[in-house]
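J.: Structure below; questions to follow.
4 protein chains.
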Amino acid sequence: MSNQFKKEYIVVAQNASGRNMNVPLYRFIGEKPGPKVYIQSSIHGAEVQGNVVIYHLIQRLKQQPICGEVILVPNCNPVGTNIKAGEYTLGRFDPVNGTNWNRGYFYDESLIQEFAQSVQDDESVPQIKQRFRQQIKDILAEKLQESWGIGLAQRLNLKLQQLAFDADFVLDLHNGPVSTRHIYVPEYAQASATMFNIPHVILIPNKFAGALDEATFCPWWTLQTLLSDKRQKAVEFGVEAFTLEMGSQEVISFTDGEYDANSILSYLNAKGCLIESDIYPQTMRRVATYLKNYKVLYTQQGGMVEYLAKPGEMIKQGQPLAKLLNVDELDTPNATELILAQCDLIPILHFPSASILSGTQLYKCFTHYFEL
Amino acid sequence: MSNQFKKEYIVVAQNASGRNMNVPLYRFIGEKPGPKVYIQSSIHGAEVQGNVVIYHLIQRLKQQPICGEVILVPNCNPVGTNIKAGEYTLGRFDPVNGTNWNRGYFYDESLIQEFAQSVQDDESVPQIKQRFRQQIKDILAEKLQESWGIGLAQRLNLKLQQLAFDADFVLDLHNGPVSTRHIYVPEYAQASATMFNIPHVILIPNKFAGALDEATFCPWWTLQTLLSDKRQKAVEFGVEAFTLEMGSQEVISFTDGEYDANSILSYLNAKGCLIESDIYPQTMRRVATYLKNYKVLYTQQGGMVEYLAKPGEMIKQGQPLAKLLNVDELDTPNATELILAQCDLIPILHFPSASILSGTQLYKCFTHYFEL
Amino acid sequence: MSNQFKKEYIVVAQNASGRNMNVPLYRFIGEKPGPKVYIQSSIHGAEVQGNVVIYHLIQRLKQQPICGEVILVPNCNPVGTNIKAGEYTLGRFDPVNGTNWNRGYFYDESLIQEFAQSVQDDESVPQIKQRFRQQIKDILAEKLQESWGIGLAQRLNLKLQQLAFDADFVLDLHNGPVSTRHIYVPEYAQASATMFNIPHVILIPNKFAGALDEATFCPWWTLQTLLSDKRQKAVEFGVEAFTLEMGSQEVISFTDGEYDANSILSYLNAKGCLIESDIYPQTMRRVATYLKNYKVLYTQQGGMVEYLAKPGEMIKQGQPLAKLLNVDELDTPNATELILAQCDLIPILHFPSASILSGTQLYKCFTHYFEL
Amino acid sequence: MSNQFKKEYIVVAQNASGRNMNVPLYRFIGEKPGPKVYIQSSIHGAEVQGNVVIYHLIQRLKQQPICGEVILVPNCNPVGTNIKAGEYTLGRFDPVNGTNWNRGYFYDESLIQEFAQSVQDDESVPQIKQRFRQQIKDILAEKLQESWGIGLAQRLNLKLQQLAFDADFVLDLHNGPVSTRHIYVPEYAQASATMFNIPHVILIPNKFAGALDEATFCPWWTLQTLLSDKRQKAVEFGVEAFTLEMGSQEVISFTDGEYDANSILSYLNAKGCLIESDIYPQTMRRVATYLKNYKVLYTQQGGMVEYLAKPGEMIKQGQPLAKLLNVDELDTPNATELILAQCDLIPILHFPSASILSGTQLYKCFTHYFEL
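Chains as they are written, first to last, in the working numbering: chain Y, 8 to 379; chain U, 8 to 379; chain P, 8 to 379; chain Z, 8 to 379.
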């Protein structure tokens, strides 16, 4: 028994040379029906480790029978991947207008409320699911045809969302600047957090802030909440979506990619996507916090900084996070300054450059964290 | 009788050399009390004509007695002004993270609703105004002291908002890419549109979208709407705020700056800020549209483009706006393509480069426009 | 009688998505033998008018019989064309390392001297020409195969030079920042300057400074000088190469492109490339200067600038070129400063942004100019 | 006995806000006369470790008596330090025109030859040294006064060169992209290579290629060679200049900075600048190669790359340096490709991003290296 395999290209933009820019799409179709999985990587151009993860997933899925379908879209932003500014990749936003490449997905809460009202009492969960999915996909198709056109990032995002909204399990592979591995998990899917081999978990509420994971799970979570209320019993669609941060941007590691691929396969196995697989999540310490307790530490000063606290380390209140150098004060006691932890915390990522202006996101930290 | 004059500098950031970055503040104080005016320019670094306008305003206010106070802050973004990317100024957003320099102002609708409820029936309009102003300013001060810090653009914005929220009339001087002069006017202040010498007017609703004019007028408009409802009679605070687009970015003209300064003085005179001035708005054709009819035309294609329709021209449906060249098709009939107007419109601005990707904001256009 | 037409693509690079980047090549081959012509445009990505010129040339060459061959390579730098930094195109240099896209061509003077010594007394000019051409082309091919690899810009340049060095007449189409039309002409080919319809001519010496025109004519000029000395009579290869600056960067004009195409066809006709054509250069005023008198005016100050002198205007000593605004001095007599012409001059181009640091190339000017 | 200490600021540019940009200068003057030392850091804005080194040197020189004078200029490029392009610092070149910030120093070989001819037979070495120094400094001063102005990078460079050319020992502190510590040593000063604690040494010839070390030592080396010839005996000026590469750009480490400061103090002690110091170079393995054998490996392909060989490792011919991923081929045997060492080598630095275009400087490597 083996999977069917297809490879396609989707045109998502055209460059100034008048040439199409496309993204590769790798599709595995199992012999038996089952859930649909959608995995993309590198929507932010400098966040490239996910491409290695997808490479390993493809090698594995050539051997591993699945039920349902797995779609893999590596390097899903051909514009962002190819914008260099100096030696690094300026991949987080459109250099023309600053638009974050991960903020143009469609979401409209009022529309979900209307849809919830349209649901008949006797409509089954699969029927509702299929009808809702179709409605969103119709809107996406319509938006892509808008007669005045749409922006570059938005077109890219909607094209990808067309694929993602068709899926039951959506994984968006990212990287932090200098970062330990972490994952964004919707609060209602907290149980799935331990199906991955990822040590740091951010539990996020049902609030759309623009990213693909939210654009995917918020509609379903909102809808199931409304319908559960209406029907006075739990309605569940079983759709989940996550943003996985696979370490640091601007580097790839084939060895780490294999670990990451295993982590994802563990999740897919737990969700019934794999046939006769013995891949299970590792026993490991997993620490979580709620999004509101995932704090950004901004600098008050400009200068040059040594990052003393490493991503993933447990830091006690009062311990130093960073040491700042001020080149105008090298002969005075103000030459250096320690930046201390205001409370117990785990730095998850830090800024990737030693040179900072005031108001720089120095660290993002878990506070009030707990074990899962 | 003459005005008092003061010059100060406000620190808004610190750079990687550890040095303060500040903005100049020019303040004229009339002998008699009167309204407060706040005018800033170049929050977007490449939009520099406003600096020339403020130069002319300063020359005029040295001679022209005022009542109340006029604060002028040219070049209000010392970071954005000084970021070159190639020969041009990358001034619309923070190059680190893509944050638009004009989107970090504070606004919280729920807070206004709470405040409205706190208003006593016998509280006078000046009392309410003073108390509300103080409350917002307290919040701004508090946000600037946030123990985890705040972002660079947000700090800059809040520092400027501290000045702006103290004023009755706020003018934020911008430029479009390649652009004719136009102004954003809150719908409730439509009558003021004809007090400026600006031919194109966009009427905007009471909806905060991040800019300084909205951060200024939305709180007052919301509050006066709530209180008018409550008191069953019109409550008016007389606060107005506008974004003025003084032509194209990346160019300055001293002659045009004098015209623009006159336009602003006409408005200030109409609002009672000037003493014994005979500056009145010009008799001229002014065309307006509602924000929802101010349409962006995005390109479907990438290529090289000649902008045939000039900003300010009236274009009929079906007339050409632009002509596109595709370098891969120079020998075929697809070498060039005309982009036509979908309806009667006035292009207000267009993209400043001939080289475009698909999804570029080619033109912004007035549709369904009318004369004021 | 008509020309044969072919279209090809040449791979010049591969991007981070692992995809080939290629340039289109349009080739017209006449029924009769004759000189070879090579024309490229947009080696600097923001300099796009040449693409329109090539578009018009292609339309004309469909009708106009030629002898020999004309190769047209529009948009010859697919990397540079597609790098946006803000709304503009960062096309002059590789964003990774600052390498000018027009400085990687091959030139080696000692090699020409060696070749000159290898020439037999009885070797005919066509024989010498063919042998020298082959030798350079062999070196180019070898360099492209260098086992340690070569840089991105250099590979692009050598690939184009392979085409150019095969030609007798080479035209490299550029634009200035904000610029009037001008042309770089090797001193020995001064007679050809009046075959184009270009009002401003820079006469350049036999010194390689990195550009394609120099990489083309310097070897031939050097060789014919050496051989003329050796043989005690004029040896001429008839090879000419020019850089044509077709107005300002970042804009295209189809109307101007037709004028520019006519200008080039006049030259080609004068050189015997066209069959039975009646295209001749216009009678017009042409002003020239030597390269050493083509002066760059750098600013001593930073600030915002209005460009008072327009490209192409004749400016007398002491007349104002530009007016500078200093935002820190708006209340003092130092608010503005005039920058004056140090001698009689013609500004040919100026910087395209109003915001300048000290040390900016404000203007490039003809001094000690004369009529041709 | 203790040193005198002074702190100054030198204006090197003015920004678009019209404000001066300056560099700090820390000066220690010993009680006794002795050699002059000039140390600068961060001429390339992202190469910041040298600032930490200078911080440590200042702490040490507060205690350690010197003879002569030590001038320290950290963060010597206030423009380059403050240009962000994305999260990283675009510090190697002027973003306006691509000019490398370390290539605008003055050097003119013909002038040195003229000077050599002017030297009288009885002129003493100190006299020659003083007169030559003065002549170069006069030219630098003149160039800075050029009536048509000079470019931003050139002004910065000449201002720094005025300080450097006055010194006997010049150290220019840099960083590589991802790099091990290495040093550029002029061939004639090879003996000094072992006075530093730096494991990798590049021996460079007497050829000016634009950098500060060359601008400093080439004139003296050329002059002493000419005079030694003339006088038929060794003339030595004792001037040395080095570029020190203190590890990787975009990071600082206070601990490593202390090591680097020690390394520099060892050299200064060996050169007689320190009084009663017991700082001596470490016993360590030092490997050197000639500049011609310091090879750049360029990629032939674009894609994503894992850097397998670490800077400083000894790699044998045929061993893998890097592994490339091609996202369009993830299902085929072409998904990955190994890049192998063509000969025995030591990678000294590699490109800092995983995303590369073809023609990227992947590695710089020592070949044909030997122990010192």
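Yeah, the Cβ is synthetic: ideal placement off N, Cα and C, and Gly gets one too. Just so it is clear, the structure is predicted and the values come from calculations on it, not from any experiment.
So the beta strand (DSSP E) Val34(P) belongs to, where does it begin and stop?
T.: Note on residue identity: the sequence assigns Arg, not Val, to residue 34(P). That run of the beta strand (DSSP E) goes Asn27 to Ile36.
J.: Could you tell me the alpha carbon to alpha carbon distance between Thr201(Z) and Leu379(Z), rounded to whole angstroms?
T.: 8 Å
J.: So, are the CB atoms of Ser235(U) and Pro359(U) less than 9 Å apart?
T.: no
J.: Check whether the Cβ of Gly216(U) lies closer than 9 Å to any Cβ atom in chain Y.
T.: The sequence shown places Ala at residue 216(U), not Gly. By this cut-off, Ala216(U) is not an interface position.
J.: Between Tyr33(Z) and chain Y, is the shortest Cβ-Cβ distance under 9 Å, so that the two count as touching?
T.: yes
J.: If I'm right that Ile50(P) touches Asn109(P) with Cβ under 8 Å, what's the distance once you round it to whole angstroms?
T.: 5 Å
J.: For the stretch 238–266 of chain U, which residues have a CB atom closer than 8 Å to at least one CB atom of chain Y, in sequence order?
T.: none
J.: Which of the residues in the stretch 297–314 of chain P, read from start to end, lie with their CB under 9 Å from any CB of chain U?
T.: Within the stretch 297–314 of chain P, the qualifying residues are Gly309, Met311, Val312, Glu313 and Tyr314.
J.: If the cut is a Cβ gap below 7 Å, which residues of chain Z does Glu94(Y) touch?
T.: Pro184, Phe358, Pro359 and Ser360
J.: Pull up the DSSP beta-bridge partners for Glu247(U), would you.
T.: Phe176(U)
J.: Apply the 10 Å Cβ neighbour rule to Thr262(P) and answer buried if 16 or more other Cβ atoms are within range, or exposed otherwise.
T.: exposed
J.: Would you mind sorting His7(P) into buried or exposed? The rule is 16 or more other CB atoms within 10 Å of its CB.
T.: An answer regarding residue 7(P) cannot be provided, because it is not within the stretch 8 to 379 covered by chain P.
J.: Identify the contact partners of Ile157(Y) in chain U, using a Cβ-Cβ distance below 8 Å as the criterion.
T.: Tyr305 and Gly366
J.: For a test of the three-state rule: what should DSSP assign to Val208(P), helix, strand or coil?
T.: strand
J.: By alpha-carbon positions, which one of Leu251(Z), Trp228(Z) and Glu247(Z) ends up nearest to Ala241(Z)?
T.: Answer by Cα proximity: Trp228(Z).
J.: Just the Cα atoms here: how many angstroms apart are Lys317(P) and Ser154(Z)?
T.: Spanning the two alpha carbons is a distance of roughly 22 Å.
J.: Just to confirm the assignment, what range does the beta strand (DSSP E) spanning Gly264(Z) have?
T.: Segment Phe261 to Ala277 is the alpha helix (DSSP H) holding Gly264(Z); no beta strand (DSSP E) there.
J.: Rounded to a whole number of angstroms, what is the C-alpha to C-alpha distance between Thr223(Z) and Ala171(Z)?
T.: Spanning the two alpha carbons is a distance of roughly 7 Å.
J.: From the DSSP output, in three-state form, read off Gln239(U) for me.
T.: coil
J.: Go ahead and pull the three-state DSSP assignment for Thr106(U).
T.: coil
J.: Out of Thr339(P), Ile205(P), Leu352(P) and Glu257(P), which has the shortest C-alpha to C-alpha gap to Lys323(P)?
T.: Leu352(P)
J.: Here's the rule: buried if 16 or more other CB atoms are within 10 angstroms of the residue's CB, otherwise exposed. What is Asp120(Y)?
T.: The question names Asp, yet the displayed sequence has Gln at residue 120(Y). Flag for Gln120(Y) reads exposed.
J.: Return helix, strand or coil for Met202(Y), following the three-state DSSP convention.
T.: helix
J.: Just tell me which of Tyr114(Z), Val60(Z), Ile135(Z) and Ala174(Z) has its CA closest to the CA of Ala123(Z).
T.: Ile135(Z)
J.: Can you give me the start and stop residues for the beta strand (DSSP E) that Val126(P) sits inside?
T.: No beta strand (DSSP E) holds Val126(P); DSSP gives it neither H nor E.
J.: Can you tell me which of Asn204(Z), Leu180(Z), Val60(Z) and Thr343(Z) puts its alpha carbon nearest to the alpha carbon of Thr290(Z)?
T.: Asn204(Z)
J.: Just checking: is the beta-carbon of Pro354(Z) within a distance shorter than 9 Å of some beta-carbon in chain Y?
T.: no
J.: List, in order along the chain, the chain P residues whose C-beta lies closer than 8 Å to that of Pro81(U)?
T.: Annotation: Cβ neighbours of Pro81(U) in chain P (cutoff 8 Å, chain order): Val334 and Leu337.
J.: At the level of alpha carbons, what is the spacing between Ala148(Y) and Ala23(P)?
T.: 30 Å
J.: By Cβ distance below 6 Å, which residues in the same chain neighbour His189(P) in space, the five residues on each side in sequence not counted?
T.: His207, Glu252 and Ile355
J.: Would a C-beta distance cut-off of 9 Å place Ala53(Y) and Ser362(Z) closer than the cut-off?
T.: yes
J.: Would you say Leu97(U) faces chain P, with C-beta separation under 9 Å as the test?
T.: Taking Cβ atoms only, chain P reaches closer than 9 Å to Leu97(U), which makes this a yes.
J.: Since Val126(P) and Asp175(P) should fall inside the 8 Å C-beta cutoff, what is the C-beta to C-beta distance between them, to a whole number of angstroms?
T.: Not a contact, Cβ separation roughly 19 Å.
J.: Any beta-carbon of chain Y closer than 9 Å to the one on Thr201(Z)?
T.: no
J.: Give the range of the alpha helix (DSSP H) segment to which Gly57(U) is assigned.
T.: Looking at the DSSP string, the run of the alpha helix (DSSP H) that includes Gly57(U) is Gln56 to Leu68.
J.: Between the C-alpha atoms of Leu272(P) and Tyr314(U), what's the straight-line distance to the nearest angstrom?
T.: 26 Å
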